[in-house]
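Student:
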Amino acid sequence: MDFTLSEEQTMIAEAFRGQLTRDVTLDVIRTQAALGQAGKSPTDQGLWQQLTEMGLPGLLIDDTYGGAGLGMLEAVVVGQELGRAAAPVPFAATCVMAPLAITASAEVEQHKTWLTQIAAGEMRVGVALGADMLQVDSGRISGHARFVFDAGGATHFLLETGGVFYLVEAHASGVYLTLERPFDPLQSLGHLALDTVPATPLSGVSVDRVTEAGRIALAAQTIGACEFLLDASVEYAADRVQFGRPIGSFQAIKHMCAEMAAQLYPAISLVWYAGYVFDKDAARSPLNSLLAKALADEAGRFISRTAIEVHGGMGYTDLQGLHYWYKRAAFNRNLLGNPEELRQDIAAMQGI
Amino acid sequence: MDFTLSEEQTMIAEAFRGQLTRDVTLDVIRTQAALGQAGKSPTDQGLWQQLTEMGLPGLLIDDTYGGAGLGMLEAVVVGQELGRAAAPVPFAATCVMAPLAITASAEVEQHKTWLTQIAAGEMRVGVALGADMLQVDSGRISGHARFVFDAGGATHFLLETGGVFYLVEAHASGVYLTLERPFDPLQSLGHLALDTVPATPLSGVSVDRVTEAGRIALAAQTIGACEFLLDASVEYAADRVQFGRPIGSFQAIKHMCAEMAAQLYPAISLVWYAGYVFDKDAARSPLNSLLAKALADEAGRFISRTAIEVHGGMGYTDLQGLHYWYKRAAFNRNLLGNPEELRQDIAAMQGI
Amino acid sequence: MRWQKLLVEHGYACRTVPAEYGGFGAEEDILKTAIISEEFFAADLPQGLNSQGISMLVPTILEHGTEAQKSAWIEKTILGEVFWCQGYSEPDAGSDLTSLKTAAVEDGDDFVINGQKIWTSSAHIAQMMFCLVRTEADAPRHAGISYMIFPVDLPGIEIRPLQTMTGHPSFNEVFLTDVRVPKTALVGDRGQGWVVANSTLKHERGMLGAAHGLAWRLSRLRDLIARQKAAGSLAMPIEVLRDRYAGLQARVEGLRLHEMRLVSMAAENQPAGTGALVCKLLGCELNHQLDILAMDLRGPESAAYNPDAELASDEIWHQLSMYDLGLIIGGGTAQIQKNIIAKRGLGMPREARRN
Amino acid sequence: MRWQKLLVEHGYACRTVPAEYGGFGAEEDILKTAIISEEFFAADLPQGLNSQGISMLVPTILEHGTEAQKSAWIEKTILGEVFWCQGYSEPDAGSDLTSLKTAAVEDGDDFVINGQKIWTSSAHIAQMMFCLVRTEADAPRHAGISYMIFPVDLPGIEIRPLQTMTGHPSFNEVFLTDVRVPKTALVGDRGQGWVVANSTLKHERGMLGAAHGLAWRLSRLRDLIARQKAAGSLAMPIEVLRDRYAGLQARVEGLRLHEMRLVSMAAENQPAGTGALVCKLLGCELNHQLDILAMDLRGPESAAYNPDAELASDEIWHQLSMYDLGLIIGGGTAQIQKNIIAKRGLGMPREARRN
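Chains as they are written, first to last, in our numbering: chain A, 121 to 472; chain B, 121 to 472; chain C, 181 to 535; chain D, 181 to 535.
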């Protein structure tokens, strides 16, 4: 691996950044967050349409099915931009975990239909892993699943129980979805109740691989949010005047920003590398994805808190909207294992 | 409890501080440290004599036997002064643990002889707890004991094995003492090999109580060392000029000192309280002594490192001698349980 | 209200307010105050109102107010019949109050006030405001600031809730446009507002504030752990959790005893020195750390958020964590606190000033 | 020495030094340098000398030296036949080198030097010194500083070992009394010493330095844990240990990959920006944290100290922890590093200067 981004990867990042900077204003964020807070889907449909045209949901899907056929590192780079923008669109489940799971399944007919629909932005998939309150009987699934990612506006749900993935249609009878009020009001989290709903099993899909991919996708968004928070802090500190000079001229504020930078850079490199390794060196991917999410989560906690502190009272209000990025980092931390859990796995994996 | 020191306690502290300020110069420290580093006893005999006259070894010994008959809080206050001075004299074992153990033993004749000798500064006792490589047979003890505190210059050793304390004479035949090179070269730590040495058992002494007392005594020295390190840092920062002004005028240095103060004050209060509770509320003492040592150890690590940083390169050399206090805090941290072990006990004790 | 009246009558609240103004008239005795506070906490009894009016306005009026001001406001305030809000901070004067701009211009027997205040908590439920305004436009920094009290329903006063990260508008912006107040609104002399406002600080009970909230959080946390252990749903490894819990407990216990020591010192008229200055910094940080431990414990449950959660619910921790982060910033950020500890407490040299 | 000669001949060390001065004469290729470094590390082969002479003096002479200086010193230095020590810091010029006082006064064809240097590592084994002195007494700050090279056995030079907290005199004080050096000792122009010294910095390999030491510590630590687990003598609870180990491993791995990214960026001539500035801060801190974890693991064993411990021994951690604390301070304290990150990297406004 060349340890920095290729020209193509940089172009992808810049294209998404340009689009997101134009479209995801603080007004858009507030409007969609109000929906999310009310337990509705926070996805901005117009934005989703735009990003679909840029290839967002098809990033990891083979070009035979209308996707871009790119790799996890490209998905990381895009996820980072989504995090930087606090974009109100689904990502980890719909654009990463579901396409990978379906691609990995043995039934090629499934590939064709579903992947084509996902790449076209028409099929949106909420995903739940380790849903152990589900039972499957003669092709029908019943029970409960909590913490279903990207559940708002989903047309399908991909549910893993007992090591097997099942796809169900969101509009089938017997599907009851309640959206939680998520801590990040721009992402969505659902609670599903299922009553003998027809379910299509996917065979041969590795739960571990899908989990790794999900962790990397969450970490990518978190480091993107951190980049924004650092930039915003440096900028605010240059503008805000107290005691007759910009607060950024005070050593305390300077050092807070320096520490944010020091935590951010290694986390970015590690998350990129986890994306690279996921495709290129599957044997090292389990460890690397754990390390990457654990580090990104901790950087996220430190940087988001410190950014609020640099902004003082203004960071605590909604006036600058900083808390949306704070909440993205905190939300991601709690899903697919918090750092305390991940670190135990890291150590155990190495026989410690 | 009045949560601050009584007039008498303040007077004791001031008396010891005065004496130690006069006698424990950096030259004295260097001379004694050279002995300690060479694996010899670092005790300054003249100082020990002086402090004995002020009542140091008899602090906790009943006045019937020539002691001062004071309590653990007074011992804490004195230990704090010894730590503040980095004094090259034994404390935790000889002045706290041994007198308490002997006082608690059922045989009054032992009290009389030994306590009188300890109070007179003539009997110095190295102590080892949990020495599980010892066997006792027909009144004679054999085997090994590591980490014997205050072993240098000891006339006797008090060894606990299997819940029972035994006193042996240092000069008895079959006693082989090797002094370690201790990290704090002003304290001493020994390794004992014993070959059928006559041993007097002490009956009815609680190992837990002696352990609690030892922890409190170590914590007292640590907070004293921290007080010194903070004072020295503030003073150095006022004197040292770089970039045309005293480094103490830089916010970074200011905030480092402020954080030291913020960690120091609660640790002092908690250690004082542990001393008070040890005598006045034995049921709460196990928890309080754990909390006090855990907090003092962490304050010690943070404050000693930060003090070295404030002093820059000068802190790293022997020119200011700051490292003697750094080493006292680090040495104490490792004995009678480091904070990681203590915190597990704290939680377990409360059913967590 | 009745409870408050009972408390005041028996000297359990506002005990040092003179009887002529509706108080108990006791001598200042910080030790007794602390004991009462501990006992009420231990018995789980509400300790009566602790509004900004009682903690800040009443002592200020007692020290600097006119007889008319004392008679008019003290009794009503301590009985909870009148609520006050504070108008100190402005958008450009947060940590640095000396740069406040809200101006009061003399006009006959009145002042006419124009400007904007921010972080005005409880302005929406208050009847009265105590406020710092600039009466001498040209005076530098501290000079030229005056302390005034007036009703918040005067013409020209607009109160707008300020949305915060918790989802609750716990603060307000207050816009003042040609607000006319009589000169009798001044507390203390004109231009002495800085001195008047700062004199309140020594009455602040903040010193004793931290320990109860921390103890409450610790006990909630212990309860949460027990329930999660029982349900097998701990989201972090047990020893790591033990380690963090016990480490925080030691720090909380240290702070609690340190505060008790400060009370003892005050009771003996010993100067508190640096020790008194570290409490806010530590208390706020520890609250936040305890909140965060609870969130980590709850794992994926913490991905959901209920802004209307009850205080007794497990869903409250997120909100507390943000509220406590706000307190780390509010009333002097942690950085300002450290400056104060270093300068006032440790006597370290002042920073270079602007050229 | 022979190993070093072999390495240099095959271009595994000092590869960019021109062949005429005894080097391999390769183009600068930071990627190849990094690969060689990684391979040597993986194969556990010594990577040849990495003295201050090779890393700092040689590139400086190559850029600013006279032909005579190049011929005289470069080959001898890279082959390890001549060792150098650095004379930059002084007792009153630590973080702030512009305030250095050691003066070189012109006297015929010579300069006569008087002053004191400190933190001069390996002065006791060096034959030569590169040094910053003030040649223009009245010039302010940077101006008037010159860069000179001279033997350390000249009359008037006294080297005194400086005792440190580790118990090892790894640094020296160098006293210069009427030391006479010829004008040919100047490297670059008189008064340009600041520029000459700073130009070395861009050649510094520090960028790649951290990862190897960190990886070595991690692997030592893993080995220590395994042995302690086997012996049942872990001095801290296993999950707490796991948590700290894994957290540090993630940070080390992040820094390693970040450094590789910087190498890639340099290879593509991309500016490194802020990213390059965080390495020293992180590397030093992580080393210290790993040392401390090992000490905590050893529990009561860490109460003993052997200042003469072998690097391969478990007794080494104490010494490393102190040495690494020294590195946190040395070559710009962590505070200075943060200033640099904020100012040069993030472009934050400069501090208020003294009145």
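Cβ coordinates follow ideal geometry from the N, Cα and C atoms, glycine included.
1. Under a three-way DSSP split, which group does Y192(C) fall into?
2. Step through the CB atoms of chain A and report whether any lies within less than 8 Å of the CB of F422(B).
3. Check the Cβ-Cβ distances between I521(C) and every residue of chain D, and say whether any is below 8 Å.
4. Counting only C-beta atoms, is G334(A) closer than 8 Å to chain F at any point?
5. Touching or not, the region 353-362 of chain B and the region 485-503 of chain C, by the rule of three or more beta carbon pairs under 8 Å?
6. Do V284(A) and H276(A) come within 8 Å of each other at the CB atom, strictly closer than that value?
7. Taking just the CA atoms, how far does L342(D) sit from A240(B)?
8. Note down, in chain order, each residue of its chain lying with its Cβ closer than 6 Å to the Cβ of E347(B), except the 5 sequence neighbours on either side.
9. From G274(C) to L334(C), what does the alpha carbon distance come to, in whole angstroms?
10. Under 8 Å, CB to CB, which of the residues in the region 364-375 of chain A have a partner in chain B?
11. Out of curiosity, what's the CA-to-CA distance linking T124(B) and M380(B)?
12. What are the boundary residues of the alpha helix (DSSP H) that W492(A) is part of?
13. My output table needs one value for L365(A): the three-state DSSP class, helix, strand or coil.
14. Going straight from the alpha carbon of R385(D) to that of S235(D), what length do you get?
15. Under 9 Å between beta-carbons, which chain C residues line up against L146(A)? List them in chain order, please.
16. Check whether chain A comes within 8 Å of K518(D), counting only Cβ atoms and requiring the distance to be less than that.
17. Out of curiosity, what's the CA-to-CA distance linking P302(A) and A427(B)?
18. What residue range is occupied by the uninterrupted alpha helix (DSSP H) comprising E332(A)?
19. Which term fits M416(D), buried or exposed, when burial requires 16 or more other beta carbons within 10 angstroms of its beta carbon?
20. Considering only residues of the region 230-313 of chain C, which uninterrupted alpha helix (DSSP H) runs meet the minimum length of 4 residues and lie entirely inside it, listed in chain order?
21. What are the partner residues of A313(B), as DSSP defines its beta bridges?
22. The alpha helix (DSSP H) spanning L447(D) covers which residue range?
23. Quick one: is S269(C) buried, meaning 16 or more other Cβ sit within 10 Å of its Cβ, or exposed?
24. Beta strand (DSSP E) containing V236(A): first to last residue?
25. Pull the bridge partners of S326(D) from the DSSP assignment, please.
26. Could you check whether G455(C) and Y396(B) sit closer than 8 Å to each other, using their CB atoms as the reference points?
27. Mind listing, in chain order, the continuous alpha helix (DSSP H) runs of no fewer than 4 residues lying wholly within the region 357-440 of chain B?
28. Can you grab the Cα-Cα spacing for the pair L461(D) / F263(D), in whole Å?
29. Using only alpha-carbon positions, find the residue among R436(C), W183(C), D276(C), S399(C) that is nearest to G471(B).
30. In or out: S323(B) buried (at least 16 other Cβ within 10 Å) or exposed?
31. Say whether the region 457-473 of chain D touches the region 505-520 of chain D, bearing in mind that this needs 3 or more beta-carbon pairs closer than 8 Å, one atom from each stretch.
32. Output the boundary residues of the alpha helix (DSSP H) element that contains M131(A).
33. From T281(B) to T331(B), what does the alpha carbon distance come to, in whole angstroms?
34. Name the chain B residues whose beta carbon is nearer than 9 Å to that of Y485(D)?
35. For a cutoff of 8 Å on Cβ pairs, would you count T437(A) as touching chain C?
36. Express the C-alpha separation of A426(D) and R436(D) in angstroms, rounding to a whole number.
Tutor: This is what the structure gives:
1. Note: Y192(C) maps to coil in three-state DSSP.
2. It does not; no Cβ of chain A falls within 8 Å.
3. So no, I521(C) is outside the interface.
4. The structure shown contains no chain F; the protein chains it does contain are A, B, C and D.
5. The region 485-503 of chain C and the region 353-362 of chain B do not touch, with fewer than three beta-carbon pairs separated by less than 8 Å.
6. With contacts defined by Cβ atoms closer than 8 Å, H276(A) and V284(A) do not form a contacting pair.
7. Cα to Cα, the separation comes out at about 41 Å.
8. Residues R204 of the same chain have their beta carbon placed closer than 6 Å to that of E347(B), with the five preceding and five following residues left out of the count.
9. A direct Cα-to-Cα measurement between G274(C) and L334(C) gives close to 25 Å.
10. Of all residues in the region 364-375 of chain A, F370, Q371, A372, H375 have a Cβ within less than 8 Å of some Cβ in chain B.
11. For T124(B) and M380(B), the distance between alpha carbons rounds to 21 Å.
12. In the structure as shown, chain A begins at 121 and stops at 472. Residue 492(A) is therefore absent and cannot be evaluated.
13. Inspection of the sequence shows that residue 365(A) is occupied by Arg rather than by Leu. In this structure, R365(A) counts as strand in the three-state DSSP scheme.
14. Confidence in R385(D) is poor, its pLDDT being 41 and thus under 50, which makes the residue's placement unreliable; the coordinate value appears in the next sentence. Inter-residue distance for R385(D) and S235(D) is about 7 Å (C-alpha atoms, whole angstroms).
15. Within 9 Å Cβ-Cβ: nothing; L146(A) doesn't reach chain C, min ~12 Å.
16. With 8 Å as the cut-off, K518(D) counts as an interface residue toward chain A.
17. P302(A) and A427(B): Cα-Cα distance of roughly 44 Å.
18. Taken as a continuous stretch (DSSP letters only), the alpha helix (DSSP H) holding E332(A) covers 327-359.
19. The residue in question, M416(D), is buried, as its Cβ has 16 or more Cβ neighbours within 10 Å.
20. Entirely contained in the region 230-313 of chain C, the alpha helix (DSSP H) runs reaching 4 residues are, in chain order, 238-244, 247-258.
21. In DSSP, A313(B) forms a bridge with H264(B), Y296(B).
22. Just to set this straight, residue 447(D) is Ala in the shown sequence, not Leu. Where A447(D) is concerned, the enclosing alpha helix (DSSP H) stretches over 418-447.
23. By the 16-neighbour rule on beta-carbons within 10 angstroms, S269(C) is buried.
24. According to the sequence provided, residue 236(A) is Thr. The question's Val does not apply to it. Per DSSP, T236(A) belongs to no beta strand (DSSP E); it is in the alpha helix (DSSP H), 236-239.
25. Its beta-bridge partners are V313(D).
26. Contact flag unset, no.
27. Runs of the alpha helix (DSSP H) inside the region 357-440 of chain B: 371-400, 405-431, 433-436.
28. Each residue's alpha carbon lies about 28 Å from the other.
29. For G471(B), the nearest C-alpha among the options comes from S399(C).
30. Burial check for S323(B): the Cβ neighbour count within 10 Å stays below 16, so the residue is exposed.
31. A contact exists between the region 457-473 of chain D and the region 505-520 of chain D.
32. Here the alpha helix (DSSP H) through M131(A) covers 127-143.
33. Cα to Cα, T281(B) sits roughly 13 Å from T331(B).
34. Neighbours of Y485(D) on chain B, chain order: Q157, E300, R301, P302, F303, D304, P305, K447, F451.
35. Closer than 8 Å: yes.
36. For R436(D) and A426(D), the distance between alpha carbons rounds to 15 Å.
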